[in-house]
Each structure stands twice: as C-alpha cells, then as structure tokens.
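Encoded as structure tokens, the structure appears first; notes follow it.
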Amino acid sequence: MVGTPKRSGARPSAPEGSVYIAGVLEGASQAGWSARLMQTLAAEAGLPVGKIDIAHAFRTVRGRREKTRATGTGTLFVHLGPDQLAYGLSYLEGEVLADKFVIGYCPWDLEQLPPETAAQLSLLDEVWVPSHFTRRAFQTAGVRRPIRVIPYILEVPPAVHADRKRFGLDEDSFIVAVVANLQSGFARKNPLAAISAFQRAFSRHEQVTLALKINKTDMASPGYAKLRKIAGQDPRIKLISRDLLDDDMWRFLASADVVLSLHRAESFGLTLAQGMLLGRPTVATAWSGNLDFMPQSASCLVPSRLVPVEGADKLEGCPGQVWASPDVPAAADILRRLYGDPNLRLILGEAGRQAARRFMQHHRLRLVGELRSWAHPQRISSVAIAGMAADHATNLGGRCEDRRAV
1068 MVGTPKRSGA RPSAPEGSVY IAGVLEGASQ AGWSARLMQT LAAEAGLPVG KIDIAHAFRT
1128 VRGRREKTRA TGTGTLFVHL GPDQLAYGLS YLEGEVLADK FVIGYCPWDL EQLPPETAAQ
1188 LSLLDEVWVP SHFTRRAFQT AGVRRPIRVI PYILEVPPAV HADRKRFGLD EDSFIVAVVA
1248 NLQSGFARKN PLAAISAFQR AFSRHEQVTL ALKINKTDMA SPGYAKLRKI AGQDPRIKLI
1308 SRDLLDDDMW RFLASADVVL SLHRAESFGL TLAQGMLLGR PTVATAWSGN LDFMPQSASC
1368 LVPSRLVPVE GADKLEGCPG QVWASPDVPA AADILRRLYG DPNLRLILGE AGRQAARRFM
1428 QHHRLRLVGE LRSWAHPQRI SSVAIAGMAA DHATNLGGRC EDRRAV
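So that you can map any letter, position 310 of the sequence shown is 1377 in the numbering used here, and since no number is skipped, the others follow by simple counting.
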C-alpha cells in the first residue's frame, strides 16, 4: 500500500529557481499533454527544467521506482488529476519533494469534487487548473489553496499538415473528427451522441466519414464494444484505435473538415482548441471548460440542458450532480449546414483560428513572463505583474458564461 507522501526541508513561500516536472510525461492523456506543454514554456522562459516520469506508478510494474536527482530548492509541477495526487507523489524520492514549492496542474472534468479527492489538494502549495469551470468545482469543494486558471497554451507545430492516408481516411470524403478517451468516462465523452448527430445529419449515400479516435487502452473497455458494433453496421464510421502523441494528433485533426465534441462536461477541451488553431470549424456542447476559449462568433456551440449524473459516473459524497445533455438534432443541423456550405466552413474556421490565437498568445505572454520572474524575482516584468493581479482578481469570484438551453 502506498503511503501519504512526506514533505521535508525549508519549503519556499513562492515559486522559484529550477523547475521540475513530474507526471506521466509521454502519455496520450490530458495530463501528459499538459506536462509536455509546461516543459516547453519553462524552457522558453530560460528556466532549467528537470523531468520526472512516474509512468511506472500507473502501470502493472512491481517494485520499480526510478530515481531522479532533484536536490535543492525549486518549483515542482505535478501533472496529475486531483484523485491521483497522493498516490503519484508517494512515488517521488524524498529529495524531490524536499525544499520545493509544489504546484499541482490538476484537470477535473466534473462540476463537483468528492471530499476525499479535495483533501489530496492540501498536499500542494498551489493549484493550477485549465479553466474557470474546474476552478469553480474546486472552490465549491472548499479547497484551501490558491487556485489559478492557467489554460493549456498551444501552438500549431510548423511541420503539421493534413495526412488522410496516414489514418486510412478517404481523400474525397467530408470528414467529421471526434476524439474520445474512453478511460476518462464513456458517458462523459458521449461518443454515442456524436454518432447519432452524424447519422441524423447525413444519408447513407453521401460521401461522409465520422473518424472516431480512441486510445489503444480503450479497446478493453465496455464502451469500445458498443462503438465497434455500431461501426460494423455503418461503414461511414471509422474507428481509429491507437495512441496519437503531439504531432500525430495535430495531423489527425488537420485531416478533418469539422471537429465535433458533444461532451457532457470538459475541464478544457484540448482537441477543440487544436481544431480552432488549425482553422477547422468546431462544433461542441455549450457548457463547461471549453467556453473559456470558444466564443459564439467563432465556433458552433450546441445548446444543452443540465441533467442528473447517473450510474457509474456518479460521485460519492456529491449530491445533486449534473452535467450537460447536448441537443443532438441541433448538432445534426449544424453538421448539415457545414457540409453544404464550404464558404461557411472557411469563414468559421478562420474566425476560430484568430480567436484561438488571440487567446493563446495572451496567456502565453503572461505565463512566460511570470516564469522568467522566478529566476530573477527582482526583474519581474509588468506583464507578469498584470497577469498575477488578474488571476488574483478572478480568484475572488470569476465566472464563466454558460450558454445552454434552460
């Protein structure tokens, strides 16, 4: 049984010096992506970066603990969900936790947080979350640590281009891309609603494809059997069941005409942000974390109503849980319009690209400026000061607009 991690040494009162990044660093999960993004940003800020991969802690490997030299003061980023923190931190050597300011970058996709999960956040000095939606969930749960909204800061790699052949997609087909990590919740990701909207939008004789990307590990889940059965009955649905890291995921989304997500809840919506940056029209549920970067004028937001969370997804100790039920006929109508109007696709795609670029550039400037100040506190930039002041103000009660049907 893995015990509660022990922290020792002189804990800094604020982030400083060298940066160490811990997590499942090479994983295809949201936390893996965020860890790699933080490596890039810290390096851009000129900070020394140490990497601590604890993937072995989350696999069936017994007795294996990799040692990482991380002595002295500095800032430790831990990229894990809040329900994984105690377990993941216990796999770190004592010297890694000693004398460090520990920041948890913790995505959470639901509106509530169980008390025992919220308690794990007390192991941190500060909590970073990707959206206002997630911050509200943590605040409501009574988390008594500073909580800052630091979105995933993305940039399209220069060599990325559409490559349908790589994914077995028809060059002449209208491609709707859906990405669903079934391990993070089949009902929450809601791929069945995406399939229903697609089938409702298009007749069997039209040259259209729903490219549904799942992870290789998802093939063992009960949800995969449902998807495979549906795909077996509809040749227009193509399951892509392999892990796509970084550039390959960008290539997959660049190969689509439209990016679709009818999620019930999201902490951010990574693939939606990627689709917008690529200039692809994005169609998504008008609720939760994606509303931070998806304005009505630059995306296709699907109305939804809030319904109780049922079954295995219902959290213990969280009464009154709700999430979104997107309007499938409305989503189908949007897909139909985009299919029939190439000019509309171009206009929406470019509007989305510009909106996403502005969002990313704004947050990148603020964060890199602040990271630079950690190495030279006396030279803290006016940009970083403004950013931290804005974070402090929003921590006092920032809100995220909910665009949903009532």
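We put the beta carbon where it would ideally sit given N, CA and C, even for glycine.
- Task: Could you tell me which of 1330, 1244, 1321 sits nearest to residue 1420, measuring between CA atoms?
- Result: Taking the first residue of the sequence shown as position 1, residue 1420 is located at position 353. If we check each option's Cα against that of residue 1420, 1321 comes out closest.
- Query: residue 1447 by DSSP, collapsed to three states: which one?
  - Reply: Taking the sequence shown and counting its residues from 1, the one referred to as residue 1447 is at position 380. The predicted model places residue 1447 with a pLDDT of 45, which falls under 50 and marks its position as unreliable; any figure quoted below should be read in that light. Residue state for residue 1447 is assigned as coil, using DSSP reduced to three classes.
- Query: What do you get for residue 1481, buried or exposed, if any count of 16 or more other CB atoms within 10 angstroms of its CB means buried?
  - Reply: Absent from the structure is residue 1481, since the part of the chain shown begins at 1068 and ends at 1473.
- Message: Just to confirm the assignment: which complete beta strand (DSSP E) runs, minimum length 3, are found wholly within the stretch 1191-1233?
- Response: Within the stretch 1191-1233, the runs of beta strand (DSSP E) that reach at least 3 residues and sit entirely inside it are, in chain order, 1193-1196, 1214-1216.
- Counted within 10 angstroms of its Cβ, other Cβ atoms place residue 1113 as buried (16 or more) or exposed: Mapped onto the sequence shown, residue 1113 falls at position 46. Result: exposed.
- Message: Considering only the alpha carbon of each residue, which of 1119, 1222, 1170 lies closest to residue 1432?
- Response: One-based indexing of the sequence shown puts residue 1432 at position 365. Among 1119, 1222, 1170, the Cα nearest to that of residue 1432 belongs to 1222.
- Query: If we ignore side chains and look at the alpha-carbon of each, how far apart do residue 1081 and residue 1187 end up?
  - Reply: If you number the sequence shown from 1, residue 1081 lands on position 14. If you number the sequence shown from 1, residue 1187 lands on position 120. Their Cα atoms are separated by approximately 20 angstroms.
- Message: The beta strand (DSSP E) that contains residue 1281, what's its start and end?
- Response: Locating residue 1281 in the sequence shown gives position 214, where the first residue counts as 1. Looking at the DSSP string, the run of the beta strand (DSSP E) that includes residue 1281 is 1275-1281.
- Message: Please classify residue 1270 as buried or exposed, where buried requires at least 16 other C-beta atoms within 10 Å of its C-beta.
- Response: Within the sequence shown, the letter at position 203 stands for residue 1270. Residue 1270 comes out exposed.
- Item | Residues that DSSP places opposite residue 1367 in a beta bridge | As a working mapping, residue 1367 is identified with position 300 in the sequence shown. DSSP output for residue 1367 lists 1350 as bridge partner(s).
- Cutoff 7 angstroms: residue 1279 Cβ touching any chain D Cβ: This model lacks chain D altogether; it includes just one protein chain.
- Query: The beta strand (DSSP E) spanning residue 1125 covers which residue range?
  - Reply: Here residue 1125 refers to the residue found at position 58 of the sequence shown. Unbroken run through residue 1125: none, as it is neither H nor E.
- What are the partner residues of residue 1327, as DSSP defines its beta bridges? Here residue 1327 is taken as the residue at index 260 of the sequence shown, counted from 1. Beta-bridge pairing links residue 1327 to 1350.
- Message: When you compare the CB positions of residue 1253 and residue 1299, do they come within less than 7 angstroms of one another, or not?
- Response: Counted from its first residue, the sequence shown places residue 1253 at position 186. Counted from its first residue, the sequence shown places residue 1299 at position 232. No.
- Task: Flag this pair as touching only if the stretch 1206-1215 and the stretch 1329-1345 have three or more C-beta atom pairs under 8 angstroms; answer yes or no.
- Result: no
- Query: Using CA coordinates, which residue listed in 1125, 1191, 1164, 1201 is at the minimum distance from residue 1178?
  - Reply: Locating residue 1178 in the sequence shown gives position 111, where the first residue counts as 1. Checked all of 1125, 1191, 1164, 1201; the closest Cα to residue 1178 is 1201.
- Contact set for residue 1409: own chain, Cβ-Cβ below 6 angstroms, skip 5 residues either direction: Against the sequence shown, residue 1409 aligns to sequence position 342. No residues qualify anywhere along the chain.
- Provide the residue(s) that pair with residue 1172 in DSSP beta bridges, ordered along the chain. Taking the sequence shown and counting its residues from 1, one reaches residue 1172 at position 105. Partner(s): 1146, 1195.
- Item | Own chain residues within Cβ distance below 6 angstroms of residue 1246, not counting five before or after | Along the sequence shown, read from residue 1 onward, the residue named residue 1246 stands at position 179. The residues 1280, 1338, in chain order, have a CB closer than 6 angstroms to that of residue 1246 in the same chain once the five nearest residues on each side in sequence are set aside.
- Looking at the unbroken beta strand (DSSP E) that takes in residue 1408, where does it start and where does it end? For the purposes of this step, residue 1408 is identified with residue 341 of the sequence shown, where counting begins at 1. Where residue 1408 is concerned, there is no enclosing beta strand (DSSP E), given that its DSSP letter is neither H nor E.
- Does the distance from the CB of residue 1087 to the CB of residue 1141 come in under 7 angstroms? Indexing the sequence shown from 1 puts residue 1087 at position 20. Indexing the sequence shown from 1 puts residue 1141 at position 74. A contact, by the Cβ cut-off of 7 angstroms.
- Between 1442, 1345, 1350, which lies nearest to residue 1225 when the distance is taken from Cα to Cα? Counting from 1 along the sequence shown, the entry for residue 1225 is found at position 158. For residue 1225, the nearest C-alpha among the options comes from 1345.
- Nearest-angstrom Cα separation, counted from residue 1164 out to residue 1368: In the sequence shown, counting from the first residue as 1, residue 1368 sits at position 301. In the sequence shown, counting from the first residue as 1, residue 1164 sits at position 97. Residue 1368 and residue 1164 have their C-alpha atoms roughly 43 angstroms apart.
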